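The structure appears below as structure tokens.
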Amino acid sequence: MSLGVTMCYVIMVLYVLPVAEYTGILCSYLIACVSNTV
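The UniProt record's numbering puts the sequence shown at residues 1 to 38.
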């Protein structure tokens, strides 16, 4: 792999990881709220 491809991959991972973590927290929070109201 060339350096450019590696840098693109690293940047992509750095952007995706926090978003995925935030989405997971948001989903679990929503599920907890729904199961509490039902």
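Cβ coordinates follow ideal geometry from the N, Cα and C atoms, glycine included.
Computed from a predicted model, the values in this text were never measured in an experiment.
Checklist entry - Which value, in whole angstroms, describes the spacing of the CA atoms of residue 104 and Ile-11? => result The chain is shown only over 1 to 38; residue 104 falls outside these bounds and no answer can be derived.
Checklist entry - For Val-16, which of helix, strand or coil comes out of DSSP? => result helix
Next on the checklist: Could you tell me the alpha carbon to alpha carbon distance between Ala-32 and Thr-6, rounded to whole angstroms?
Outcome noted: 39 Å
Item to check | Distance between Leu-14 and Ser-28 (C-alpha atoms, nearest Å) | outcome: 22 Å
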